[in-house]
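Working notes, structure below.
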Amino acid sequence: METNEITSQLTELLADVLPTIKGMDISIDTNLVEEGLDSFLFIQLSVVVEEKYGIEIMDDDLDLQKFRTIRNWVEYIERHSAIINYYI
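Residue numbers (the UniProt record's numbering): 1 to 88.
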């Protein structure tokens, strides 16, 4: 899956979990915590991402500080999707 495609999909998923960003001009480097992503919404988004991309976010990685931007999410998804695809 292309980076741009993941970015677009993730932006849509994020808007569902964090409605305050709907209609905003957010970039891949927008600080999501500053836009309202808290620990509760972070867990919600994590579950949605796991289901959508067939990955598991490891407990050690469940840290809001590691996922402050869309870029952080995209890089994580790409890295873990590549690992899964390697073993398929």
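Positions of the beta carbon are idealized from the N, C-alpha and C atoms, including for glycine.
In the three-state reduction of the DSSP assignment, VAL17 falls in the helix class, which pools H, G and I.
With fewer than 16 other CB atoms across the displayed protein chains lying within 10 angstroms of its CB, VAL47 is exposed. Judged by DSSP secondary structure, VAL33 falls outside any alpha helix (DSSP H); it is assigned neither H nor E. At a Cβ-Cβ threshold of 7 angstroms, ILE6 and VAL49 do not count as neighbours. Nearest in C-alpha terms to ILE26, of all of ASN4, ASP59 and THR69, is THR69. Spatial neighbours of LEU13 in its own chain (CB-CB distance under 6 angstroms, excluding positions within 5 residues in sequence) are listed in chain order as VAL48. A residue is called buried once 16 or more other Cβ atoms fall within 10 Å of its Cβ, and LEU37 is buried on that count.
Leaving aside the five residues that flank ASP29 on each side, the residues in its chain whose CB is nearer than 7 angstroms to its CB run, in chain order, THR69 and ARG71.
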